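The structure appears below as structure tokens.
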Ligand SMILES: Cc1cc2nc3c(=O)[nH]c(=O)nc-3n(C[C@H](O)[C@H](O)[C@H](O)COP(=O)(O)OP(=O)(O)OC[C@H]3O[C@@H](n4cnc5c(N)ncnc54)[C@H](O)[C@@H]3O)c2cc1C
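Structure below.
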């Protein structure tokens, strides 16, 4: 018997149910089974376009390639080989299963519609067992029933919180007696297509590209700096290392387990201090969880013009010429609205942006420029190193009022005055601007200023407004 262990979304040794798959399969005689670890870079997810926007930046591809290289090394230390594939995942995985006469495939439970379709296609030809590797409520006894899943976060939280139990994290993986993995030499022949990607590889040291860096970040943020103690107060920061956790990229690539994060927060609460901030970090992880289950509930609807509200309409966004120009300027960080441009340039250079920044630039694009929210979501998908299908598209739809809330419109000047009162953030990101104090937030001449900003523009001054 041979089983494929498809590690996409779970490239890590800690808390990885896929690596323990044999032990999890009742009735399987593990001593006669050989296991093959495999990962597949989805060609369309990195090399195609949606609505005319490239699906992934070079940096995001490099992050994924680095993560694969790091995981390959970590597995090799256990004498486990990693087959690396490149192409259309259902086709590639299916061909490998056929070539190795594998009669079982273990894979991560999908969240997004595209991944759901891939698993459904594989199930037509193979026996596929999915394990929920990245959800807090991942075990069957804790998983919400999709038909009873509330569509409002508050209702979800109230339903779950009083009894909030999270699936316990598993220990760091070690070879189990009776488990027989293909070793590195056994798998070398299967990675031919993947070698095409070598030209894009670039060494990166980011939490999203290495399990070790991700675990170090967790330890540093929670235990060494104890920045978790003030998370609730600092979380609306715009720039810096400790205003928020920065767990999102490793959670999104799957090299950090959400359940392990949760357990570390609970341990900190038990051993050091439980306060509003420690609670709030768990609260934000619940947001992530909420969107994951929402995506499982509504599938493709999330990509419709009105997402989960209103009639299904999958026609691509249309952009008249003037809007096309406005969209290009928004992407490049050249709108003339300093708070928008500073955040977009941060995204373009680093692949990250604070939550406060994301809410503001999203609101500006859809509510002030009147551009279809799906174009903004597509651009974020391209750029974000923490790109996660449910968190990204779910948050965009949320601000549009097409998801789990009514429309959220932000007043950019009011927000800039509140979160960047002295203009320091804008000054770092847009060094060409010379205005002093909060006057730096003044939109450039010629920018069409929405009426609801007017009274806030009057509050800009050459001194900090804090
Ligand atoms: C338009 C828009 C698009 C977004 N796209 C993504 C995305 O693609 N990937 C992504 O991980 N997050 C996304 N977010 C949510 C949020 O902005 C990021 O998770 C957060 O900024 C990451 O920084 P952090 O890890 O320091 O977060 P922290 O503030 O430290 O939060 C801890 C963790 O909680 C989760 N979390 C926090 N806020 C949210 C939220 N609003 N929704 C879902 N999960 C949350 C994340 O996993 C995060 O790592 C988006 C938000 C908006 C408004």
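Numbering (the UniProt record's numbering), first residue to last: 1 to 466. Glycine included, C-beta positions come from ideal geometry on N, C-alpha and C. Since we're looking at a predicted model, the values are computed, not measured.
- [ ] Indicate the three-state DSSP secondary structure (helix, strand or coil) for residue 266 in the structure shown.
- [x] helix
Task: Extent of the continuous beta strand (DSSP E) to which residue 104 belongs - done: 104–108
- [ ] Express the C-alpha separation of residue 189 and residue 133 in angstroms, rounding to a whole number.
- [x] 28 angstroms
Task: For residue 436, three-class secondary structure by DSSP - done: coil
Task: Rounded Cβ spacing between residue 60 and residue 254 (contact assumed at less than 8 angstroms) - done: About 14 angstroms; that fails the 8 angstroms criterion.
- [ ] Classify residue 372 as helix, strand or coil using the three-state DSSP reduction.
- [x] coil
- [ ] Say yes only if the C-beta of residue 400 is nearer than 7 angstroms to one or more non-hydrogen atoms of ligand 1, and no if none qualify.
- [x] no
TODO: Report yes if the C-beta distance between residue 206 and residue 385 is below 8 angstroms; otherwise report no.
DONE: yes
Task: Runs of alpha helix (DSSP H) wholly within the UniProt domain "Photolyase/cryptochrome alpha/beta" (1–136) (minimum 4 residues, chain order) - done: 21–24, 43–47, 58–76, 89–99 and 113–125
Open item on the list: Using only CA atoms, which one of 35, 51, 359 and 108 lies nearest to residue 97?
Closed with: 35
TODO: Please classify residue 452: does DSSP put it in a helix, a strand, or coil?
DONE: helix
Task: Boundaries of the alpha helix (DSSP H) in which residue 234 is found, first to last residue - done: 231–234
Task: Option nearest residue 83 by Cα separation, candidates 157, 16 and 184 - done: 184
Task: residue 409 versus residue 369: straight-line alpha-carbon distance, rounded - done: 12 angstroms
Task: Closest by C-alpha distance to residue 421, when choosing among 362, 437 and 458 - done: 437
Open item on the list: Once DSSP output is grouped into helix, strand and coil, what is the label at residue 441?
Closed with: helix
- [ ] From the DSSP output, in three-state form, read off residue 306 for me.
- [x] coil
Open item on the list: I want to check one thing, is the minimum distance from the CB of residue 362 to the heavy atoms of ligand 1 below 7 angstroms?
Closed with: yes
Open item on the list: At a cut-off of 7 angstroms, would you count residue 281 as near ligand 1, judging by its Cβ distance to the nearest heavy atom?
Closed with: yes
TODO: Give me the Cβ distance between residue 106 and residue 41, rounded to the nearest whole Å; I'm assuming they're in contact under 8 angstroms.
DONE: Contact flag wrong, Cβ pair sits at about 19 angstroms.
Task: Candidates 200, 201, 195 and 248, of which the one nearest residue 221 by Cα - done: 248
- [ ] With distances taken Cα to Cα, identify the nearest neighbour of residue 75 among 64, 340 and 37.
- [x] 37
TODO: Compute the Euclidean distance between the alpha carbons of residue 24 and residue 129, then round it to the nearest angstrom.
DONE: Note that residue 24 scores a pLDDT of 48, beneath 50, so its modelled location is shaky; the value from the coordinates is reported in the next line. When rounded, the distance between both Cα atoms is 10 angstroms.
Task: Distance, residue 209 Cα to residue 64 Cα - done: 6 angstroms
TODO: Would you mind stating whether residue 169 and residue 263 have Cβ atoms separated by less than 8 angstroms?
DONE: yes
Open item on the list: Need the endpoints of the alpha helix (DSSP H) that residue 357 sits in, please.
Closed with: 355–363
Task: Buried or exposed (CB count within 10 angstroms, at least 16 for buried), residue 423 - done: buried
Task: Burial state of residue 358, where buried means 16 or more other Cβ atoms lie within 10 Å - done: buried
Task: Beta bridge counterpart(s) of residue 181 as assigned by DSSP - done: 35
- [ ] Using 10 angstroms around the beta-carbon of residue 285, count the other beta-carbons present and answer buried if the total reaches 16, otherwise exposed.
- [x] buried
Open item on the list: Between which residues of its own chain and residue 200 is the CB-CB distance below 8 angstroms, once the five residues before and five after are set aside?
Closed with: 58, 61, 62 and 65
- [ ] Using a threshold of 8 angstroms, state whether the C-beta atoms of residue 433 and residue 426 are closer than that.
- [x] yes
Open item on the list: Cutting at 7 angstroms between CB atoms, please list the residues of its own chain near residue 450, excluding the five before and the five after it.
Closed with: 368
TODO: Check whether the Cβ of residue 246 lies closer than 7 angstroms to any heavy atom of ligand 1, and answer yes or no.
DONE: yes
Open item on the list: Is residue 391 near ligand 1 - that is, is its Cβ less than 7 angstroms away from at least one heavy atom of it?
Closed with: yes
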